[in-house]
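Protein chains in written order, with my numbering: chain A, 1 to 439; chain B, 1 to 419.
Glycine included, each C-beta is placed from N, C-alpha and C at the ideal position.
Given the structure is predicted, the values throughout are model-derived calculations rather than measurements.
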Amino acid sequence: MELFAYYLELAFRSLKRSPGLTALMVLAVGFGVSACMTTWSVFRAASGDPIPWKSSQLFVPQMDIWSSSARSGDGEPPDALTYTDALALMRDHRALRQSAIYEIAPAVFPARAGQHPLTLGGYAVYAEFFPMLDLPFLYGQGWSAAEDAAAAPVVVISRALNDKAFGGANSVGRSLDIAGHDYRVVGVIDDWNPQPAYYDVFGTGGYTREGPALFVPFTRAIAGDLENGRTACDAEPSSPGFAGLQRSECVWITFLAELDTPARVRAYRQYLDDYAAMQRRAGRFLGAPNNRLRDLPAFLAAEQVVPGDTRVSFLVAVGLLVVCLFNTVGLLLAKFLRRSGEIGVRRALGAGRGAIYAQFLTEAAIVGLAGGALGLLLTGLGVLGIGAVLQPRLAALATLDVRLLVTTVVVAVLCTVLAGLYPSFRAARVQPAWQLKSD
Amino acid sequence: MTMHPILAALRKHKAGVVLISLQIALTLAIVCNAVFIIGQRVERVNRPTGLDENDLFLVTQQWVGAPSGDDPAGVEKLDVMQREDLAALRNLPDVASVAPSNSVPLLNSSWTGSLSLKPGAQLGSKGGTRTAYYFTDEQALTTLGLHLVTGRAFNAGDVQHQGARDQRDRPVVIVTKALADKLFPQGNAVGKVIYSDGSTAPSTIIGVVERLQIPSTGSWGNAFTWYSTLVPTRLDSSYARYVVRAKPGRRDAAMRAVPAALYAVNPMRVLDDDESVKSFADIRASAYRADVGMAILMGVVCLILLCVTAAGIVGLTSFWVGQRHRQIGVRRALGARKVDILHYFQIENLLIAGAGVVLGVLLAVGLNTWLMTHYEMTRIPLPYVMTGVLAMLVLGQLAVFVPARRASNVPPVTATRAV
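As structure tokens, this is what we get:
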């Protein structure tokens with residue numbers, strides 16, 4: 001311990017002797033680390049697991065209804081289902097829990113008079129959506145399967161909508177005018193906006209600035225003509241309107257199934273293949289079954305939701321850090337070897353190579369620590385400033401938290417100590433006799 | 001000056017030389033690719049849409065409790081509502097012209113399909129061309145500020161209306177020059193007949209506009225960025241979009257007047273303050289925000305990289321100058337002029353940087369190839385690499401100048417002193 005204090009003192013004295021060089025190293029480490037951390041904060045948020053405790057049990061079924069792998073060239077089936085198939089999957093109910101999902105954007109009248117109506121984004125889902133995705137309820141709960149079957153006019157609203165429409169009070173049992181019809185509020189969820197928005201990658205493209213404001217039963221949304229968001233078609237629907245879309249081979253419904261055991265996953269896969277084969281016999285699907293049943297992480301990877309730019313920025317920033325480290329190695333080397341005389345004296349007085357290592361690595365660590373401190377400051381600025389640079393949806397994901405700050409310092413110190421290894425090795429190899437003689 | 005003493009000296013501190021060369025190589029590799037990314041983004045952001053973007057804005061609105069667009073009676077009612085809105089907007093004092101449209105360039109909300117020279121062609125079949133449709137009316141060209149190359153603009157007689165999810169024949173269309181050239185490489189597209197979306201009903205091209213970008217800026221639209229088709233049809237649904245051209249310099253005033261004018265026609269609608277009335281400048285900014293952001297980010301990284309590398313060269317050369325104080329003195333005492341010492345360090349740096357850039361060019365091309373296989377990148381053009389090489393050599397010379405001049409100022413008398 002005493003020795004360590006001695007090394008610290010030596011290091012400080014040495015660093016003070018060449019303030020320019022020291023400042024240069026600290027700046028390089030600080031900038032390199034903060035560039036990495038800032039881009040990483042976006043990257044980790046964008047590529048994070050939105051529901052880590054359950055993602056390996058959530059599966060997304062995909063079916064190649066158009067049998068036209070040529071369409072995209074990669075043989076991937078579309079990432080959404082037709083109404084026909086989504087309904088068939090719901091009816092057969094082979095998963096532990098499951099829900100067909102589609103995006104709606106109805107006009108909602110606030111309860112207070114004199115206000116203009118608002119368009120609110122939401123989803124048409126089945127009752128099992130809420131327990132399957134563990135939505136956090138503030139008041140009340142989701143609706144029941146019976147209400148699904150009855151296409152009941154019930155709604156689960158977000159905390160934000162509850163604040164706007166009901167002043168934040170427990171609104172369960174009250175009614176809300178959605179697209180001209182009264183819906184009964186059965187539940188209010190707390191803030192819920194997982195990123196990526198895995199429940200609707202097809203519609204959102206991956207990221208959303210705000211979470212859904214409301215959820216209504218899928219059956220009710222169909223009955224009430226609440227039209228969908230995105231649609232993808234291989235051919236024009238043969239009959240017009242929303243009713244025509246429901247009969248068409250266009251895809252517009254996403255689907256999530258909870259499968260908790262490998263056996264269930266296998267069975268579900270078999271079920272999908274059987275279903276596709278049956279549809280083929282019925283003349284609907286043209287090719288051999290070309291289905292996918294990926295768990296959530298695999299699905300998000302296959303959909304490439306993380307923008308390429310996010311990855312490239314992070315990689316470029318890592319490159320920057322590497323250059324900064326090369327720079328630090330060079331400067332440390334210069335700095336350590338300049339003190340060959342001092343090393344020679346210390347060695348001649350009985351200091352072992354280990355002691356020289358310890359002394360110089362301590363010095364490197366101090367530079368790293370200072371660089372880390374500067375890096376903290378710059379990372380803070382970087383994360384705040386990234387909003388000016390990135391799309392708001394992505395920039396909003398980058399947050400300063402304790403983990404990021406600790407990582408910044410740890411990375412800075414580790415990298416600098418690593419950079420100090422070779423210069424210390426060279427310093428420890430200094431021959432005491434030769435140094436003493438030459439001066 | 002002979003190279004021999006310089007090379008001999010370089011061999012004496014291999015580690016430092018290797019480190020600086022590697023640093024220069026990496027810097028070159030990253031900066032080349034980053035600047036290439038910046039160049040690509042700038043080019044993308046600067047491409048003109050074909051619109052006259054000044055004084056242009058877009059109104060997006062939704063009626064509440066509107067009749068269904070799925071039955072003919074509802075469609076007629078919706079069309080009446082849309083025409084009332086158009087009339088109200090056209091009557092505003094600051095408005096020059098208004099056209100309904102399902103989208104505008106850069107809005108990333110598109111209706112795409114395919115055009116073919118044969119009737120009933122399958123979507124995506126050979127000979128077909130992908131296109132994005134703009135459903136609009138006879139005021140489209142003046143409102144959007146499109147430049148008609150040949151043929152005629154739509155007139156009121158051409159304009160039809162339909163439910164947004166219905167299909168209707170499209171007797172006349174206007175296409176972009178790029179699309180006309182693609183479909184009819186021999187020219188004279190005007191008067192020719194095409195078939196849209198596998199339909200058997202012909203559409204006659206009545207006009208060709210110089211340029212009109214599709215709404216999508218995503219990579220999936222890259223194959224048909226300039227293949228737009230204008231259809232003289234009002235789409236009727238509970239949503240409607242109106243493109244408005246304000247009188248010169250009156251855009252903001254016109255935008256402010258819109259909500260009140262539309263609420264006066266019918267208060268039962270959603271008109272959100274920030275999202276519903278949007279200037280084209282805002283649409284452009286949000287469409288390219290990611291690209292501009294990436295360019296800025298790459299620029300910042302390049303700047304830091306160059307500074308760090310320059311500082312590294314200054315630092316290491318200063319160290320070498322200090323280390324060789326005595327030798328410099330000896331050389332000076334033996335008759336070397338100041339400028340010889342200066343040149344010595346400059347040439348030494350040139351050699352180191354030269355080795356660095358040779359490796360750097362290889363790394364740059366390697367990195368580019370890697371990016372090409374994993375991300376949307378194209379082959380980096382030679383001028384980028386050459387400029388990068390030149391920039392690194394100049395940077396090296398600039399960085400070495402200060403320590404080299406200090407070296408040249410070492411007095412000959414140093415040779416006689418013990419250190």
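If you draw a straight line from the C-alpha of residue i to the C-alpha of residue j, how long is it?
{"i": "Q246 of chain A", "j": "F184 of chain B", "result": "38 Å"}
{"i": "G207 of chain B", "j": "G151 of chain B", "result": "4 Å"}
{"i": "E303 of chain A", "j": "S144 of chain A", "result": "32 Å"}
{"i": "C32 of chain B", "j": "Q270 of chain A", "result": "51 Å"}
{"i": "K6 of chain B", "j": "G315 of chain B", "result": "Note that residue 6 of chain B corresponds to Ile in the displayed sequence, not to Lys. Their backbone Cα atoms lie some 19 Å apart in a straight line."}
{"i": "T22 of chain A", "j": "I313 of chain B", "result": "15 Å"}
{"i": "L175 of chain A", "j": "V251 of chain A", "result": "Reading off the sequence shown, one finds Ser at residue 175 of chain A, where the question assumed Leu. Their backbone Cα atoms lie some 32 Å apart in a straight line."}
{"i": "R130 of chain B", "j": "G113 of chain B", "result": "6 Å"}
{"i": "D439 of chain A", "j": "H325 of chain B", "result": "In this prediction, D439 of chain A scores a pLDDT of 48, lower than 50, which makes its location untrustworthy; the coordinate-derived value is nonetheless stated afterwards. Distance between the alpha carbons of D439 of chain A and H325 of chain B: 14 Å."}
{"i": "I472 of chain A", "j": "S248 of chain A", "result": "Residue 472 of chain A lies beyond the range of chain A shown here (1 to 439); nothing can be said about it."}
{"i": "V419 of chain B", "j": "V389 of chain B", "result": "Low confidence applies to V419 of chain B: its pLDDT is 49, below 50, so where it sits in the model is not reliable, and the reading given next is rough at best. Straight-line Cα distance between these residues: approximately 39 Å."}
{"i": "T399 of chain A", "j": "R44 of chain A", "result": "10 Å"}
{"i": "R257 of chain B", "j": "N170 of chain A", "result": "The sequence as given places Ala at residue 257 of chain B; Arg does not occur at that position. Their backbone Cα atoms lie some 39 Å apart in a straight line."}
{"i": "L426 of chain B", "j": "H374 of chain B", "result": "The structure shown does not extend to residue 426 of chain B, since chain B is modelled only from 1 to 419, so the question has no answer here."}
{"i": "R90 of chain B", "j": "Y126 of chain A", "result": "45 Å"}
{"i": "S199 of chain B", "j": "R251 of chain B", "result": "40 Å"}
{"i": "G69 of chain B", "j": "T219 of chain A", "result": "20 Å"}
{"i": "Q397 of chain B", "j": "F31 of chain A", "result": "24 Å"}
Buried or exposed, going by whether 16 or more other CB atoms sit within 10 Å of the CB of residue i?
{"i": "A70 of chain A", "result": "For A70 of chain A, the predicted model reports a pLDDT of 44, less than 50, meaning its position is unreliable; a value from the coordinates is still stated below. By the 10 Å Cβ count, A70 of chain A comes out exposed."}
{"i": "V361 of chain B", "result": "buried"}
{"i": "K12 of chain B", "result": "exposed"}
{"i": "K164 of chain A", "result": "buried"}
{"i": "M3 of chain B", "result": "exposed"}
{"i": "G352 of chain A", "result": "exposed"}
{"i": "K118 of chain B", "result": "exposed"}
{"i": "H161 of chain B", "result": "buried"}
{"i": "S34 of chain A", "result": "buried"}
Residue range of the alpha helix (DSSP H) that residue i falls in?
{"i": "G128 of chain B", "result": "Counting along the chain, G128 of chain B falls outside any alpha helix (DSSP H), and DSSP gives it neither H nor E."}
{"i": "G241 of chain A", "result": "241-247"}
{"i": "E428 of chain A", "result": "It should be pointed out that residue 428 of chain A corresponds to Ala in this sequence rather than to Glu. It spans 402-428 - the alpha helix (DSSP H) in which A428 of chain A sits, taken as one unbroken run."}
{"i": "I341 of chain B", "result": "338-374"}
{"i": "E363 of chain A", "result": "353-385"}
{"i": "D85 of chain A", "result": "83-92"}
{"i": "F299 of chain A", "result": "296-302"}
Tell me, which residues are paired with residue i by DSSP?
{"i": "Q323 of chain B", "result": "DSSP, once it has assigned bridges, lists no residue as partnering Q323 of chain B."}
{"i": "M63 of chain A", "result": "A:N291"}
{"i": "N228 of chain A", "result": "A:I104"}
{"i": "I194 of chain B", "result": "B:S203"}
{"i": "Y239 of chain B", "result": "B:Q62"}
{"i": "G113 of chain B", "result": "B:T131"}
{"i": "I174 of chain B", "result": "B:G207, B:L230"}
At what residues does the beta strand (DSSP E) containing residue i begin and finish?
{"i": "L56 of chain B", "result": "56-63"}
{"i": "G122 of chain A", "result": "122-125"}
{"i": "H181 of chain A", "result": "181-189"}
{"i": "I178 of chain A", "result": "175-178"}
{"i": "K278 of chain B", "result": "277-279"}
{"i": "H161 of chain B", "result": "160-163"}
{"i": "G140 of chain A", "result": "137-140"}
{"i": "F326 of chain A", "result": "That residue, F326 of chain A, is in no beta strand (DSSP E); its alpha helix (DSSP H) goes 308-338."}
Please indicate yes or no: does the CB of residue i lie closer than 7 Å to some heavy atom of the ligand SAH?
{"i": "D272 of chain B", "result": "This structure lacks the ligand SAH; in fact it carries no ligand of any kind."}
| field | Short-range partners of chain A found in the region 366-398 of chain B, where Cβ spacing is below 9 Å | value | Those would be L367, L371, H374, Y375, E376, M377, in chain order.
| request: Identify each residue in the region 184-213 of chain B for which the Cβ-Cβ distance to at least one residue of chain A is less than 9 Å, and report them in chain order. | output: Flagged, chain order: D197, G198, S199.
| request: Pull out every residue of the region 307-335 of chain A whose Cβ sits closer than 9 Å to any Cβ of chain B, in chain order. | output: Residues passing the 9 Å Cβ filter: P307, G308, D309, R311, V312, S313, L315, V316, A317, G319, L320, V322, V323, C324, F326, N327, T328, V329, G330, L331, L333, A334, K335.
| field | Residues of the region 337-355 of chain A whose Cβ lies closer than 7 Å to any Cβ of chain B, in chain order | value | Hits within the stretch, in order: R338.
| task | Mind checking the region 281-296 of chain A against chain B and listing, in chain order, the residues whose C-beta falls within less than 8 Å of any C-beta there? | result | The region 281-296 of chain A vs chain B, Cβ under 8 Å: nothing.
| Along the region 324-347 of chain B, what residues have a CB closer than 8 Å to any CB found in chain A? | Among the residues of the region 324-347 of chain B, none has a Cβ less than 8 Å away from any Cβ of chain A.
| field | Residues in the region 245-265 of chain A having any Cβ partner in chain B nearer than 8 Å | value | Per Cβ criterion, the list reads L245.
| Can you list, in chain order, the residues of the region 22-38 of chain B whose Cβ is nearer than 7 Å to any Cβ on chain A? | So the close ones are L22, Q23, L26, T27, I30, A34.
| request: Could you run through the region 153-174 of chain B and flag, in chain order, every residue whose CB is less than 7 Å away from some CB of chain A? | output: Here the close residues are G163, R165, D166, Q167.
| message | Under 9 Å, CB to CB, which of the residues in the region 197-225 of chain A have a partner in chain B? | response | Sequence-ordered contacts of the region 197-225 of chain A with chain B read G205, D225 [C-beta pairs closer than 9 Å].
| message | Give me the subset of the region 76-101 of chain B whose CB atoms are less than 8 Å from a CB atom of chain A, sorted by chain position. | response | Result list empty, no residue passes.
| query | Residues in the region 359-389 of chain A with C-beta within 7 Å of chain B's C-beta atoms, listed in sequence order? | reply | Going along the region 359-389 of chain A in chain order, one finds V389 with a Cβ nearer than 7 Å to chain B.
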